[in-house]
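Note that the sequence shown covers residues 1317 to 1688 in this note's numbering. The C-beta atom is built at its ideal place from N, Cα and C for all residues, glycine as well. In this text the structure is predicted, and so the values were computed from the model without any measurement. Structure, as structure tokens:
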Amino acid sequence: MTATATPQIPILDLKPEIDELRPEIMAAIGRVLDRSDFIMGEDVHLFEAEVAAYLNVKHAIGVNSGTDALVIALRALGIGPGDEVITTPFTFFATAESISMVGAKPIFVDIDPATLNLNPDLIEAAITPRTRALMPVHLYGNPVDMTRIMEIAHKHGLKVVEDCAQSFGARWRGTQTGTIGDFGAYSFFPSKNLGAYGDGGLLATDDDALADTARMLRVHGSRKKYHNETVGYNSRLDTIQAAILRVKLPLLEGWNAHRREVARQYNESFSGLPEIITPTLFEGHVFHQYTIRVVNNNRDAFQGKLAELGIGSMIYYPIPQDELPIYKGLFPVFKFSQMAANDVLSLPIGGCINTQSIEATVSAVYGLLHAK
Ligand SMILES: *Cc1c(COP(=O)(O)O)cnc(C)c1O
């Protein structure tokens, strides 16, 4: 006699999507092999045009990763040593890392506990004569108040680079995130809402001159082969990844709608549980993560119990960036970032997550928090 194994619900399961799309993906990869245009091939150009149309932006520029997109955006804007860029401490390291990578200094300000995004009310007090840009992050797919960000940027003559790694398809008051600031930087890391099957990233901008500089920087700082103008990068989007992304782009709106619906169902199911705060269904939010806050000061134990029940979860992010060794001691304690790092927990979600996984997650969470 064998005991039935507890079904394991991973936080993200790419297998259903891959199974469904496999024939189309294999055919798309096959066409790249036939043409052998692996670097800056036909699919890269077509994907860039399709993304530009989808985002309603003039230029979409494929690069090697979301991190490179941020770095190239900053470089194209002329940001470097001596400059300061204001951003959120409650994000993935690549946000602040990109600022440090170009030689500038990240200046953190605390988050708004209602959105877990950079709090626009705190930005102006952090502006100095060296401030050059703002880098808001649409965390978990939830759009930052871009109206406020742009007002502050215009008032103080600052540039804006939107970190859209988690927000492909999210909209602020109907406008795509990443098309409001000077640059939007996107990631196609496999787990993102639009994920490649490897690394990939993209820059969006309406500015012809900035687009031209970014395109120059992605190929070793050259507009014309062997006429290198500056130290740039080898940061192109692979043709094979572009071919895969072209299969997936038309499905993104449906997947994002599914994510929102799953978030709505979770919120409804968890509404009676006093120990968790559920995320608000803000307009335009695409739920890259569905992240609750476990407010009984027992998040880690709760995560352990969920794991015993076979439910995967993740902590995005356990350490605010200002507390990492390279930035530690340079900033005051940010109360709300610290609070979030202590109590956030992301539950299973995805563009193709099925009812069975949602129900298993709901019954595990409900069972653990209601039964005592
Ligand atoms: C994933 C991510 C990045 C980096 O993207 P890569 O493609 O992995 O380089 C940057 N910022 C945020 C907020 C991210 O989630």
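Proximity to residue i [Cα-Cα], best of the options
i     : options                       : result
N1509 : G1485, D1523, L1518 and A1501 : G1485
H1472 : I1631, R1464 and D1479        : R1464
K1564 : P1326, Q1324, L1330 and P1323 : L1330
T1529 : G1516, D1498, P1506 and G1514 : D1498
S1414 : Q1605, D1659, A1481 and I1334 : A1481
V1602 : P1641, P1445, S1587 and Q1492 : Q1492
M1466 : A1344, S1538 and E1440        : E1440
N1614 : N1658, K1421 and I1443        : N1658
S1352 : G1514, E1675, A1559 and P1429 : A1559
S1662 : M1356, F1424 and L1455        : L1455
N1435 : E1358, V1649, E1545 and P1452 : P1452
E1577 : I1674, V1460 and D1428        : I1674
P1405 : T1671, S1679 and P1648        : P1648
P1397 : T1546, P1422 and F1650        : P1422
F1408 : R1609, D1437, N1433 and A1420 : N1433
M1655 : I1402, T1431, F1354 and E1364 : T1431
I1395 : T1403, A1420, I1402 and A1412 : A1420
I1468 : D1437, R1446 and P1459        : D1437
D1616 : R1347, P1634 and L1349        : P1634
G1573 : E1599, R1347 and T1594        : The sequence given here has Ala at residue 1573, not Gly. It is E1599 whose Cα lies nearest to the Cα of A1573.
Proximity test, residue i beta-carbon vs ligand 1 heavy atom, cut-off 7 Å
i     : result
G1382 : yes
F1408 : yes
T1493 : no
S1503 : yes
G1357 : no
V1453 : yes
A1481 : yes
T1671 : no
D1515 : yes
T1692 : The question about residue 1692 has no answer, for the chain in this structure spans 1317 to 1688.
T1555 : no
T1607 : no
T1411 : yes
Integer-rounded CB distance, given that residue j should sit under 8 Å from residue i
i     : j     : result
Q1762 : F1504 : This structure cannot settle anything about residue 1762, because the visible part of the chain is limited to 1317 through 1688.
G1289 : P1664 : Absent from the model: residue 1289. The displayed extent of the chain is 1317 to 1688, so no value can be given.
V1373 : A1520 : 5 Å
W1571 : G1490 : Not quite, the Cβ-Cβ distance comes to about 19 Å (not below 8 Å), so this is no contact.
S1653 : P1636 : 4 Å
N1612 : L1597 : Actually they do not touch by this definition, with Cβ atoms about 23 Å apart.
L1328 : D1479 : About 20 Å; that fails the 8 Å criterion.
S1289 : G1457 : An answer regarding residue 1289 cannot be provided, because it is not within the stretch 1317 to 1688 covered by the chain.
T1607 : V1678 : The pair is not a contact, with the Cβ atoms about 16 Å apart (cut-off 8 Å).
F1424 : F1650 : 7 Å
I1402 : A1442 : 5 Å
Y1316 : A1412 : Since the first residue shown for the chain is 1317 and the last is 1688, residue 1316 is missing from the structure and cannot be characterised.
Proximal residues to residue i (C-beta, below 8 Å), its chain only, five neighbours per side dropped
i     : result
L1646 : D1638
L1393 : R1448, A1449, K1475, V1477, D1498, F1499 and L1526
D1522 : V1373, K1374, H1375 and T1495
S1538 : M1532, N1544, E1545 and G1548
Y1632 : F1408, Y1456, Q1605, T1607, V1660 and S1662
E1336 : C1668
Contacting residues, own chain, Cβ-Cβ under 6 Å from residue i (five flanking each side not counted)
i     : result
T1495 : L1371, V1373 and A1520
P1326 : G1628
M1462 : W1488 and I1496
L1685 : L1589 and E1591
V1360 : G1378, L1553, T1555 and A1558
H1604 : Y1456, G1457, Q1482 and N1509
E1333 : C1668
G1357 : T1555
F1618 : V1610
A1676 : I1325
P1459 : A1486, W1488, T1493 and G1600
S1507 : L1328
7 Å Cβ shell around residue i - same chain, five flanking residues per side excluded
i     : result
E1551 : For clarity, residue 1551 is Ser in the given sequence; the question names Glu instead. For S1551, where only same-chain residues beyond five positions count, the Cβ hits under 7 Å are V1379, N1380, D1384, I1388 and R1534.
R1391 : V1418 and L1533
E1366 : R1562 and L1565
G1382 : A1410, A1481, A1501, Y1502, S1503, F1505 and G1517
T1444 : E1400
T1318 : Note that T1318 scores 49 on pLDDT, short of 50, meaning its location in the model is unreliable; the coordinates nonetheless yield the value given after this. If we look at T1318 and ignore the five residues flanking it on each side, it has no Cβ neighbours.
A1680 : L1622, L1625 and I1627
S1585 : V1678 and Y1682
Any non-hydrogen atom of ligand 3 closer than 7 Å to residue i Cβ
i     : result
A1486 : Judged by which ligands are present, ligand 3 is missing from the structure shown, whose ligands are ligand 1.
Any C-beta of chain D under 8 Å from that of residue i
i     : result
E1440 : In summary, chain D is missing from the structure at hand, where a single protein chain is found.
Next item on the list: Could you name each continuous alpha helix (DSSP H) segment of 4 residues or more that falls completely within the segment 1564–1649, going from the start of the chain to the end?
Entry: 1568–1586 and 1615–1624
Checklist line | alpha helix (DSSP H) runs wholly inside the segment 1479–1557, at least 4 long, in chain order | finding: 1524–1534
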